[in-house]
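Trainee: For the sequence shown, position 123 (counting from the first letter as 1) is numbered 123 according to full-length UniProt numbering, and the numbering increases by one without interruption.
All C-beta atoms, glycine included, are put in the ideal place defined by N, C-alpha and C.
Handing you this structure, nothing more for now.
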Amino acid sequence: MKSNQPLDRFDLKILRELQLDGGLSNQDLAEKVGLTAAPCSRRVKQLEESGVIRDRVVRLDERAVDLNLIALLHISMDKHIPERFEEFERTISSYPEVLECYLITGHDADYQLKVAVPDMDRYHDILLGKITRIRGVSGVKSAFIMRKIVDSTAVPLNYIGG
């Protein structure tokens, strides 16, 4: 649910700080944005209720938990019908190895997935044991991430109000 109320400078400061560190205490956040604790807490609650703040999560280092192989997969479907897409999306959403799934355009694929596994053997298992067995999957192209250059979840806020 999106709010129709425009974001003011305090809201933007709050969003910037929380994108840098979602675990900030309300007191620390209030100090960083120049508010007292109570109004800061109310603003955060409003941002959450309006849907501007979707959630707060802890991000893990994949390698620290032995997920040493990150792959990007381009998936092609045999038929472009709603039932195929719904079945694929429902099934792929149940695999914990799939970190991201996008329905895409402008490419030779219908979906792009980001998958995290410990090694090539486990990648082989998920690719041939799960993904290619989903009804409608007609092709898969894989690319492996060698190094992350940009790794951010922060969205740009410089487009608001202008």
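1) Excluding five sequence neighbours on each side, which residues of the same chain lie with their C-beta closer than 6 angstroms to the C-beta of glycine 22?
2) Return the CA-CA distance between glutamine 19 and leucine 157, expressed in angstroms with no decimal places.
3) Nearest to histidine 107 by alpha carbon, out of Ser76, Tyr123 and Val117?
4) With isoleucine 75 as the anchor, note down where its beta strand (DSSP E) starts and where it stops.
5) How long is the line joining the alpha carbons of isoleucine 113 and isoleucine 92, rounded to whole angstroms?
6) Could you tell me which of Val115, Ala154 and Ser138 sits nearest to phenylalanine 85, measuring between CA atoms?
7) State the CB to CB distance for the pair valine 98 and valine 117, rounded to an integer number of angstroms; the pair is presumed to be in contact (CB under 8 angstroms).
8) In whole angstroms, give me the CA-to-CA distance for lysine 130 and glycine 136.
9) Output the residue ranges of the beta strand (DSSP E) runs that lie fully inside the stretch 100 to 125 and measure 3 residues or longer, sorted by chain position.
10) Can you tell me whether methionine 1 is helix, strand or coil according to DSSP?
11) Measuring only the C-alpha atoms, how far is methionine 1 from cysteine 101?
12) Exposed or buried, tyrosine 111, counting other C-beta atoms within 10 Å across all chains shown (16 or more means buried)?
13) Note down, one range per segment and in chain order, each alpha helix (DSSP H) of at least 4 residues found wholly within the stretch 30 to 97.
14) Please state the DSSP three-state secondary structure of residue 165.
Mentor: Judging by the given coordinates:
1) Taking the first residue of the sequence shown as 1, we reach residue 22 at position 22. Within the same chain, glycine 22 has close Cβ partners Arg56.
2) The count along the sequence shown starts at 1 and reaches residue 19 at position 19. The count along the sequence shown starts at 1 and reaches residue 157 at position 157. Answer to the nearest angstrom: the Cα atoms are 10 angstroms apart.
3) Position 107 of the sequence shown holds residue 107. Answer by Cα proximity: Ser76.
4) Here residue 75 refers to the residue found at position 75 when the sequence shown is read from its first residue. Run containing isoleucine 75: 69 to 77, per the beta strand (DSSP E) assignment.
5) Looking up residue 113 in the sequence shown gives position 113. Looking up residue 92 in the sequence shown gives position 92. Per the sequence shown, residue 113 should be read as leucine rather than isoleucine. Cα to Cα, the separation comes out at about 9 angstroms.
6) Within the sequence shown, the letter at position 85 stands for residue 85. Out of Val115, Ala154 and Ser138, the CA that lies nearest to the CA of phenylalanine 85 is found in Ser138.
7) On the sequence shown, residue 98 is found 98 positions in, with the first residue counted as 1. On the sequence shown, residue 117 is found 117 positions in, with the first residue counted as 1. Cβ atoms of valine 98 and valine 117 stay farther apart than 8 angstroms, at about 10 angstroms.
8) As a position in the sequence shown, residue 130 is number 130, starting the count at 1. As a position in the sequence shown, residue 136 is number 136, starting the count at 1. About 13 angstroms.
9) The qualifying runs are 111 to 117.
10) For the purposes of this step, residue 1 is taken as residue 1 along the sequence shown, with counting starting at 1. Confidence is the limiting factor: at methionine 1 the pLDDT is only 40, short of 50, which leaves the residue's position unreliable and the question unanswerable from this model.
11) For the purposes of this step, residue 1 is taken as residue 1 along the sequence shown, with counting starting at 1. For the purposes of this step, residue 101 is taken as residue 101 along the sequence shown, with counting starting at 1. Confidence in methionine 1 is poor, its pLDDT being 40 and thus under 50, which makes the residue's placement unreliable; the coordinate value appears in the next sentence. One alpha carbon belongs to methionine 1, the other to cysteine 101, and they sit about 22 angstroms apart.
12) Along the sequence shown, read from residue 1 onward, the residue named residue 111 stands at position 111. By the neighbour-count criterion, in which a residue is buried when 16 or more other Cβ atoms sit within 10 angstroms of its Cβ, tyrosine 111 is buried.
13) Segments of the alpha helix (DSSP H) lying fully in the stretch 30 to 97: 37 to 49 and 82 to 92.
14) Residue coverage of the chain in this structure runs from 1 to 162, which leaves residue 165 outside it and unanswerable.
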